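In the order they appear, the protein sequences are chains A and R. Take the first sequence: its letter number 68 is residue 434 in our numbering, and every next letter is one higher. Take the second sequence: its letter number 58 is residue 424 in our numbering, and every next letter is one higher. Backbone N, C-alpha and C define an ideal beta-carbon position, used for all residues, glycine too. Computed from a predicted model, the values in this text were never measured in an experiment. Notes follow once the structure below has been shown.
Protein chains: 2
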Amino acid sequence: MNKYIVIDGGVSSPKGFLSSGIHSGVKKSGKNDLSLVYSEVPAYSWAMFTTNKACAAPVTLSKSHIQDQNIQAIVINSGNANACTGQKGLSDAYEMATVTASALNIAPQNVIVSSTGLIGLPLEMDKIKSGITKAAEALSANGSKEAAKGIITTDAHLKTIAVQVTIDNKVVTIGGMAKGSRMIHPQMATMLSIITTDANIDKAYLKYLLNDTTEKTYNMISIDGDTSTNDMVAVMANGKACNNELNANHPEVQSFANAFAFVNEYLAKSIVADGEGATKFIEVQVVNSNTLASAKLAAKSILTSNLVKTSLFGEESNWGRILCSIGYSGAQFDVDKLEISLVGDNKETIKIVENGQSTIFCKESAKKLLKERNITILVDFKTGSQNSIAWGCDLSHDYVKINSSHIS
Amino acid sequence: MNKYIVIDGGVSSPKGFLSSGIHSGVKKSGKNDLSLVYSEVPAYSWAMFTTNKACAAPVTLSKSHIQDQNIQAIVINSGNANACTGQKGLSDAYEMATVTASALNIAPQNVIVSSTGLIGLPLEMDKIKSGITKAAEALSANGSKEAAKGIITTDAHLKTIAVQVTIDNKVVTIGGMAKGSRMIHPQMATMLSIITTDANIDKAYLKYLLNDTTEKTYNMISIDGDTSTNDMVAVMANGKACNNELNANHPEVQSFANAFAFVNEYLAKSIVADGEGATKFIEVQVVNSNTLASAKLAAKSILTSNLVKTSLFGEESNWGRILCSIGYSGAQFDVDKLEISLVGDNKETIKIVENGQSTIFCKESAKKLLKERNITILVDFKTGSQNSIAWGCDLSHDYVKINSSHIS
């Protein structure tokens, strides 16, 4: 297996990709608010979108454009989500695609569009259109950082990464950037992730890989259980690394898959770690379940329980709340076999539940472990061999403070 | 239609019912912690229980005893939930039934058992057993209030009610009591409701009525989305009012059903209103849906969204968060037809969303309306004729404070 290495970079690190981020005028702060990601040749692509039925106009448009899996550019604006904007929203999203296509001399159906920010306001199309022209002129192989800045809203940190892995003795690069807020602004949409790669990869396999990875990464994080109107994860692969086509039968496919999984897991975890108000980064591992579905249900239920989240904020080892949240998750398990352990940063492990009942664990040791920032809750069903991991955060005073106050 | 009237009373107000509440010693505070409800004759009965797979021992026992629908006594202890207590928990629950049966000279399978309080501790059976004897001696037609005291944990207010309605020119009485905490104590179970009536009622119809009413009342309240290990709603009907048997064809059945619904809705709302930390009582009405299922999904989703709940605490009219929570609820609706209004105590109505987009509503008026304690969110799907109502509360600083602190 060829190990991947992390390099300094982002979405335009893979060969044949350019990117840019500029200020169009939508954000009053003067910060970047419009980004472009461009491949010199049409790239095999795929994207997954929010399942929210009140999805935004750019989601509707992009769902249609991604169908043939050929995309050459992604345009993203931040500061305005173009959601709940009716027929005007749809025509604005379409105009964003056509203006981008014309600036880059490509076909409009090879452009996907994403918007993130306030819900319910019409886009200021004059600013957006001149911004797109400006962003097209600014496209550069060194544009990753500016592009990453252009898609964030209330994020405290930029989320950008690039890794390299050798396939068929060719260097294959994967770049990525993400945006994830804690929805700290009223009516803010949540997350967005763009992955680029110069890998030569089979179209169907790319689609499979993104679906599979999204299930294991972005779909396993939770900040507050609210699924936004604008979520999108998109990948573009332009083949410029000239490796033999990657598919399920390629001898080095697992090396690529591992690198791809790492990039997406890194970005997903960065979103959770950046949650304003959060004082803890929580990993939940549910292991030895009969089915993957049950492992996932239990892991997500623990991470979305307000009672578990407040007790983690309070650094209390309330095993009863954890067990209760597994109980109502819909997961199939045998409570009499269940084990729950707390694992600290240094892998110190304290088993708090055995055979579905409390162990005689040391309350002081548990209290000390729960003072750490990174905490793992390990749940062992002891009935099968399926495992699932999910990530989340605690529920703090600051979460309530931030989300109950008005930001104009 | 015969209108019901509310009288001063509770579970032993209906003819032929006695009740009591005493201090057995489980609660350190010296407050009542064990209650008995007894019918002089076996009563047609039914009960619904938590769907949590990690259900408590008394739930397992009571599920079995309720099958034949003949119950003569309910014994409830508070302070210890007898949950996650393994084989000992089951034999303790069974012993509670046999000791009660022997004190009352009835059959053990005609007793149901309920426990509420801390999870994971073994019951102190010596205290419980002598407590049951004491409670049997204290049984009285005036015991409703003491019984209601014996089942609460951290509730601020007693929840007890009785109503009377005339059926076949006979006075039929329905009594009830409930317990509902905000799960403010670590590992606390949530809710419990006991209804008694002297109505003469068909066994199958009684079962139907409780199932139907529970779906519309207890199953439509949410405080924090956590389903406890011990929830139970039980009804006993002993026929002592001597009306003609109530069933679907009885000419006055709707009068009884209305009174029965009122009692259960009153107790369900009392649980939500008693939420420590809550500053708002929220009613959500979803109307004109194509299906009842979609109306219920949307109503519950709004009430369990942390983002909606924090904005209500902050008295902000964040219509985007409400629309977003409907979008991910799984409900079928047409976003372009959707209307959302806020309704205040005095029925003042402000329409904030029309055709899926924000109206130009007055922010100051909305702010003023949201300062009231009782707020209704009215969602009109405008596609059908099915309606659903749900009740909940806001998410406040005090909720986080209470649930992140340890109470020994």
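Give a yes or no on whether 9 Å exceeds the smallest Cβ distance from residue i to chain R.
{"i": "threonine 417/A", "result": "yes"}
{"i": "serine 771/A", "result": "yes"}
{"i": "aspartate 702/A", "result": "yes"}
{"i": "isoleucine 755/A", "result": "no"}
{"i": "asparagine 585/A", "result": "no"}
What does residue i touch in chain R if you count any residue whose Cβ is under 7 Å from its own?
{"i": "glutamine 752/A", "result": "The premise fails here: glutamine 752/A is roughly 17 Å from chain R at the closest Cβ pair, so nothing lies under 7 Å."}
Could you check whether the Cβ of residue i sits closer than 9 Å to any Cβ belonging to chain A?
{"i": "lysine 429/R", "result": "no"}
{"i": "threonine 595/R", "result": "yes"}
{"i": "histidine 763/R", "result": "yes"}
{"i": "glycine 758/R", "result": "no"}
{"i": "valine 766/R", "result": "yes"}
{"i": "serine 510/R", "result": "no"}
{"i": "methionine 549/R", "result": "Residue placement at methionine 549/R is poorly supported in this model, since its pLDDT is 48, which falls under 50; the coordinates are not used for a value here."}
{"i": "glutamine 553/R", "result": "The pLDDT assigned to glutamine 553/R is 39, lower than 50, so where the model puts this residue is not dependable; a value taken from the coordinates is nonetheless given after this. Interface residue, yes."}
From the DSSP output, read off the bridge partner residues of residue i.
{"i": "isoleucine 478/A", "result": "Ile440/A"}
{"i": "asparagine 740/R", "result": "Phe647/R"}
{"i": "lysine 536/R", "result": "Ile533/R"}
{"i": "tryptophan 685/A", "result": "BP columns for tryptophan 685/A are empty, so no partner."}
{"i": "asparagine 604/R", "result": "In DSSP, asparagine 604/R forms no bridge with anything."}
{"i": "leucine 384/A", "result": "Tyr404/A"}
{"i": "methionine 491/A", "result": "Answer is none; methionine 491/A lacks a bridge partner."}
{"i": "methionine 557/A", "result": "Gly546/A"}
{"i": "methionine 598/R", "result": "Phe415/R, Leu558/R"}
{"i": "cysteine 759/R", "result": "Phe647/R"}
{"i": "leucine 612/R", "result": "Ile567/R"}
In chain A, which residues lie with their C-beta within 9 Å of the C-beta of residue i?
{"i": "phenylalanine 699/R", "result": "Lys419, Ala420"}
Which residues of chain R have a Cβ atom closer than 8 Å to the Cβ of residue i, listed in chain order?
{"i": "glycine 722/A", "result": "Ala420, Cys450, Gly452"}
Kindly indicate which residue of the options has the alpha-carbon position closest to the one of residue i.
{"i": "tyrosine 765/R", "options": "Gly680/A, Thr749/A, Val377/A, Leu744/A", "result": "Gly680/A"}
{"i": "glycine 546/R", "options": "Thr526/R, Thr499/R, Gly605/R", "result": "Thr526/R"}
{"i": "lysine 703/R", "options": "Ser695/R, Thr749/R, Asn418/R, Lys493/R", "result": "Thr749/R"}
{"i": "isoleucine 494/R", "options": "Phe628/R, Ala463/R, Ala570/R", "result": "Ala463/R"}
{"i": "methionine 598/R", "options": "Gly509/R, Met543/R, Ile743/R", "result": "Met543/R"}
{"i": "serine 386/A", "options": "Lys511/A, Lys429/A, Val392/A", "result": "Lys511/A"}
{"i": "leucine 633/R", "options": "Val601/R, Phe383/R, Tyr584/R", "result": "Tyr584/R"}
{"i": "glutamate 461/A", "options": "Tyr410/A, Asp492/A, Gly391/A, Asn656/A", "result": "Asp492/A"}
{"i": "asparagine 656/R", "options": "Thr670/R, Gln752/R, Val650/R, Lys733/R", "result": "Gln752/R"}
{"i": "tryptophan 785/R", "options": "Ser707/R, Thr520/R, Ala449/R, Thr563/R", "result": "No information on residue 785/R is available, as it lies outside the stretch 367 to 774 that chain R covers here."}
{"i": "lysine 454/A", "options": "Ile440/A, Pro424/A, Ser468/A, Leu761/A", "result": "Pro424/A"}
{"i": "aspartate 534/A", "options": "Ala665/A, Asn610/A, Val479/A", "result": "Asn610/A"}
{"i": "proline 380/R", "options": "Lys536/R, Ile718/R, Arg687/R", "result": "Lys536/R"}
{"i": "asparagine 630/R", "options": "Lys666/R, Val638/R, Asn368/R, Thr579/R", "result": "Thr579/R"}
{"i": "tyrosine 694/R", "options": "Lys666/R, Ser395/R, Ala447/R, Asp760/R", "result": "Lys666/R"}
I want to see whether chain C comes within less than 9 Å of residue i, judged by CB atoms only; does it?
{"i": "alanine 504/R", "result": "Note that chain C does not occur in the displayed structure, where the protein chains are A and R."}
Using a threshold of 8 Å, is the CB atom of residue i nearer than that to any non-hydrogen atom of the ligand MN?
{"i": "glycine 542/A", "result": "Absence of the ligand MN is noted for the structure shown, with no ligands found whatsoever."}
Short of 7 Å Cβ to Cβ, which residues in the segment 706-720 of chain R face chain A? none
Of all the residues that make up the segment 663-694 of chain R, which are near chain A by a beta-carbon distance shorter than 7 Å? Ser671, Asn672, Leu673, Thr676, Ser677, Phe679, Gly680, Glu682, Asn684, Gly686, Arg687, Leu689, Cys690, Ser691, Ile692, Gly693, Tyr694
Under 9 Å, CB to CB, which of the residues in the segment 475-493 of chain R have a partner in chain A? Leu484, Ile485, Gly486, Leu487
Give the residues from the segment 442-476 of chain A that approach chain R closer than 8 Å (Cβ to any Cβ), ordered along the chain. Ala449, Cys450, Thr451, Gly452
Can you pull out the residues from the segment 367-388 of chain R whose beta carbon lies closer than 8 Å to at least one beta carbon of chain A? none
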